[in-house]
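Single-structure report; data block below.
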C-alpha cells in the first residue's frame, strides 16, 4: 500500500499567501503592487473604521470602496473596534466579532469567514465564539512557523513571517526543488511601508515570488479550505480507494514517495490507485 502525497491545486508544491491588517489607506498602493505581480492577499478590516465610527477613519478604507478595491482578494474580519479579545467579557467578544462580520459582508457583498486577532490577542473563549459565529480560521501574530507548517487548528493559524523578515525566510521555499507541500505566509500592515519608507521591500518580495511555475497564489480562505478538503477525504480500508466528499478538487501523487503518478480527485469522485 502506498500513502498518497498531497499537493496544492494543479499539482503545485508551494502556496503563497499574504495577510494585511486594519484596512489602512495604504492598502490601495499595496493592492496595485500585488495585482501587478499576480499575488493574492487577505485584508483584515475593522467595522467601526469601515463605517466611520472610530478616530482613524480618515486613514482607513471606507465601506463604499471595499467591493471594488479588494476585488480578487479576500476581505476578512479583525474585530469591530480592534479590541483585544483576551481581555473583554464574552458578550463584548460576541459584539466585536459578529458586528464586524455583518458590516463587512454588507460592504463586500460576500460571506466573511476569515479572521485575524487584533494585536494577536486571543483566548479559548474567543475561539469558541468565533467558531459559533461561523468563522473558518483565525490568524495569530505568533510567526516564524516553518515552511512545511500546516496548522492542526486553523483558529490558531501562525504565519510564516512578517514582511520585514520575508526575504530571509523565502529562501527555504524558493530553493526547495522537491515536490513537497510548503507554505509561505507573509503578514503585516500596509501603513508600515510608509512609516518605514520601504515600499521597495514589498516590490522586491513580489518580484522574487512572481511567476513561479510550482507556486499556487492564494488567499487565506482558499488555502484553509483546500487543506480542510484534504483532511476530509475518505480512504478505503485497503488503502487503494479514495473518495472526495468536498467541493474542492484535490491533487496528489498516487504512488506516494515515488512522486511520478500525479492524480486529481474531483468533488464527489471516487478513485482507485
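In this note's numbering, the protein residues as written are 2 to 274.
Glycine included, every Cβ here is placed at the ideal spot set by N, Cα and C.
All figures in this text were calculated on a predicted structure; none of them were measured in a lab.
- Cβ contact annotation for residue 206 (same chain, cutoff 8 Å, sequence separation greater than five): 164, 167, 168, 171 and 187, in chain order.
- The alpha-carbon separation between residue 180 and residue 14 amounts to approximately 5 Å.
- The bridge partners DSSP lists for residue 158 are 140.
- By the Cβ rule, the region 243-252 counts as touching the region 263-271, because three or more pairs are nearer than 8 Å.
- Distances from the alpha-carbon of residue 94 to those of 113, 71, 123 and 182 put 123 closest.
- DSSP links residue 54 through a beta bridge to no other residue.
- Taking a contact as a CB-CB distance under 8 Å, the pair residue 11 and residue 75 does not count as one, their CB atoms being some 19 Å apart.
- Counting only the Cα atoms, residue 185 lies some 31 Å from residue 107.
- Rounded to whole angstroms, residue 152 and residue 127 show a C-alpha spacing of 18 Å.
- Taken in chain order, the unbroken stretches of beta strand (DSSP E) that lie wholly in the region 62-87 and span 3 residues or more are 75-78.
- Ranking 190, 237 and 215 by CA distance to the CA of residue 31 puts 190 first.
- The beta carbon of residue 138 sits closer than 6 Å to the beta carbons of 115, 155, 158 and 225 from its chain, once the five residues preceding and following it are set aside; these are given in chain order.
- If you draw a straight line from the Cα of residue 253 to the Cα of residue 78, it comes to about 32 Å.
- From the listed residues 197, 222, 218 and 249, the smallest Cα separation to residue 233 is found for 249.
- From the listed residues 85, 47, 173 and 54, the smallest Cα separation to residue 67 is found for 47.
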